[in-house]
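Read top to bottom, the protein sequences are chains A and B. Take the first sequence: its letters are residues 1103 to 1361, numbered as in my numbering. Take the second sequence: its letters are residues 113 to 464, numbered as in my numbering.
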Amino acid sequence: MSRAIYWTSLSLAFTFLILPLVVVLPLAFNDSTFLTYPMEGFSVRWFGEFFTAPPWLYTLGNSVRVALGTTVVAVLVGGLAAMGTMLAGKWGQIVLSALFVSPVVIPSVVLGVAMAYAFGRVGLGSSYYALVLAHTILAAPLVFLSVLTSLKGLDPELDRAAASLGASRWHRFRTVTLPLAMPGFATGALFAFITSFDEVVVALFIASPESQTLPITLFSSLRDRLQPTIVVVALLLSIVSCLFILALNRLQRRSLAAR
Amino acid sequence: MSSLEISNVNKFYGPTQALFDVSLSIGKGEFVTLLGPSGSGKTTLLKLLAGFEGASGGRITLGGRDITELKPEARNFGLVFQGYALFPHMTVRDNIAYPLKVRRMAREEIDQRVRDMLELVQLTRFIDRRPSELSGGQQQRVALARALVFKPEVLLLDEPMSALDKKLRGDLQDQLRDIHHRLGTTFINVTHDQEEAMHMSDRIAVMNHGRIEQFDTAFTLYRHPASRFVADFVGKSNIFSGEIVRGAGNVLDFRGDGMEIRLDAADRAPGGADLMIRPEDLAIETAPPADGRVALAAEVLQSTYSGDRALYALRLANGREISAYGAARTGIHPEGAKVFLCFAPSDATLVG
């Protein structure tokens, strides 16, 4: 029975998740201007197109800058929120956790409209900072959750042991709590980066032509000119995502080994 | 002269009281064990001493200095945890060096002290290992080294052996006693294992329901328990409930459980009393003795042979069950055998 479920879900996942990629991705190497089979010949000219023709590299740069900015702010905000929540009592923890996680349950369209309006009112407009701020609101809960999880997994006796050995609260935090919660911070940072890098809905509402991100460019070129460059971008993004998943996997294994 | 004085300490958790007027006076360099069943308040008292919990009333002083309100990090007390609490991200070296680095000692001094401690606990070759690469007993010795390396005034041990197997426990007990002799630090150990307490301690504080029942040497606890609880908790015992009556010639007799014994104690007032006889104070004879000892007719229910001796479960004529040790060099009394349990009245102790 469990074997049947295993094979069914595996084949469904393959059909709907992997197969479309397998079908589409080879087109990145197609010599034709059109996104169609049969392939007319092997070529890497669309890779060249991605790296030379505007606005691809420019928006990739934007995306990376926004994602990095988001990562830094989200780790700070989410991490501090998690550490503060740990100090609260049982009910305080439940309430605070619900509050800090709430941005995740609000639909991105609603967030996008609300933030575009709010940022316009306070004069942030559609600047780089506005995008970072918007993405931070989406990414901070993920950092919060992963840091909170790793802090909760720590043995409270370790802090007591460090106290009995003469370490002040700040010293204990720096030498015991923080290093042991590091995998949680790293996981949260990766999640934050991916969230921002992939995000398209909120970015559509906020980004100006100058602060356009890669997903927006991808989205608009799907409508305007259906070129194999899109597939090249898709391929590159998939590779980046795979690398991130590998990194996450390694982090989890390391934090397990530390226990 | 830096003795640890605990005076009239009370502790409440909400409406429930965990400690009732606890007072102990512990001398410098003494090895004291807080012994009691779970829920007796021994761990609470240790937490108060470590500074993790505040006292609801009373004072704790060290060498005359009031430390009742002092934070744990300011107490300079070493603490060995039940679950070791070693830092998993540090090597053995860094774990032991931690309290020294906190105190900003010079690197050479730290190196020297870490090496000395590792030698003391015989773990020198594990210096660069992580805690996860050590066995339970080794981890506990690293925890001990870490708690002693900064020369604390007092070392607190919170059931340090409970996670170890019996053989290892014995070894670590010997080591701990040896280390205590060499360093002369005051040790305060918490345990529910009376054998461990008797093996290592200079004095034992027996706790029950948040109170100190008796604070004495193992010998006094065992031979002269102050209460029925102590008699029952420390070692095996047979306790008879009865009363003291003034017999003929103005001497005191104990009557109860179908026997009557003349008492040595002259300072007892008549009234209800418990009489304790240890299993090793009873001799098992096949004929009634003629030497004036008290003899109780009994029947053997069961025997447990342990090589050097045998532990018997016996039943008196009135149905009361008794345990007694018997020599087992020439044979064991079979089940159902009719025997006489003999003891001198002076070996019976009044408790409570």
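Where a beta carbon is used, it is the ideal one built from N, C-alpha and C, also for glycine. Predicted model only: the values in this text are computed from it and were never measured.
Taking a C-beta cut-off of 8 Å against chain B, the contacting residues of the region 1278–1292 of chain A are V1278, P1281, L1282, listed in chain order. Between V318/B and L333/B, the C-beta gap is smaller than 8 Å, which places the two residues in contact. Judged by DSSP in its simplified three-state form, K159/B adopts helix.
For the pair V1234/A and W1193/A, the Cα-to-Cα distance works out to about 32 Å. Counting of Cβ neighbours within 10 angstroms places Y437/B among the buried residues, the total reaching 16 or more. In terms of Cα proximity to F1299/A, the closest of Y1108/A, I1120/A, R1167/A is R1167/A. DSSP links C1344/A through a beta bridge to no other residue. Look at R441/B here: in three-state DSSP terms it is coil, with no helix or strand label.
At a C-beta separation below 7 Å, V214/B has these neighbours in chain A: L1267, G1268, A1269, H1273. Distance from the CA atom of G1227/A to the CA atom of R1325/A, rounded to whole angstroms, is 26 Å. Annotation note: the region 1190–1234 of chain A contains the following uninterrupted alpha helix (DSSP H) runs of length 4 or greater, listed N- to C-terminal: 1192–1203, 1210–1224. Residue-level contact check: L1260/A touches chain B, since one or more beta carbons of chain B fall below 8 Å from its beta carbon.
For a Cβ distance threshold of 9 Å, residue set A1263, L1267 of chain A lies close to R258/B, ordered along the chain.
Counting of Cβ neighbours within 10 angstroms places D420/B among the exposed residues, the total staying below 16. Close partners of F164/B in chain A (Cβ separation under 9 Å): R1262, A1265, S1266.
Taking all protein chains in view, the Cβ of N1164/A is crowded by 16 or more other Cβ atoms within 10 Å, so the residue is classified as buried. Burial is judged here by how many other beta carbons sit within 10 angstroms of a residue's own beta carbon; A1155/A has fewer than 16 and is exposed.
With its beta carbon at least 8 Å from every one in chain B, D1326/A lies outside the interface. Under a 10 Å Cβ-count criterion, D1133/A is classified as exposed, with fewer than 16 other Cβ atoms of the shown protein chains found around its own Cβ. Within chain A, the residues placing a beta-carbon under 9 Å from that of G190/B are S1266, L1267, ordered along the chain. G249/B sits close to L284/B, with the two beta carbons spaced by under 8 Å. The beta carbons of L375/B and P457/B sit closer together than 8 Å.
DSSP, reduced to helix, strand and coil, places F164/B outside both helices and strands of the structure shown, so it counts as coil. Counting of Cβ neighbours within 10 angstroms places P127/B among the exposed residues, the total staying below 16. Secondary structure note for S1323/A: its alpha helix (DSSP H) is the uninterrupted segment 1316–1326.
In its chain, beyond the 5 residues on either side, G368, D369, L387 have a beta carbon closer than 6 Å to the beta carbon of F352/B.
Look at the region 1246–1257 of chain A: the residues with a C-beta under 7 Å from a C-beta of chain B are D1257. Contact between A410/B and L423/B does not hold, since the beta-carbon distance rounds to 14 Å and is not under 8 Å. Within chain A, the residues whose beta carbon sits less than 8 Å from that of A197/B are D1257, E1259, L1260, R1262, A1263, listed in sequence order.
Taking 8 Å as the cut-off, the Cβ atoms of A402/B and G354/B do not count as close.
Judged by DSSP in its simplified three-state form, M371/B adopts strand. Per DSSP, the continuous beta strand (DSSP E) segment holding M388/B begins and ends at 383–389. Of all residues in the region 416–443 of chain B, none comes within less than 8 Å of chain A when Cβ atoms are compared. Taking a beta-carbon distance threshold of 8 Å, E185/B counts as an interface residue toward chain A.
The beta carbons of L232/B and A257/B sit closer together than 8 Å. For R1352/A, the number of other beta carbons within 10 angstroms of its own is below 16, and it is reported as exposed.
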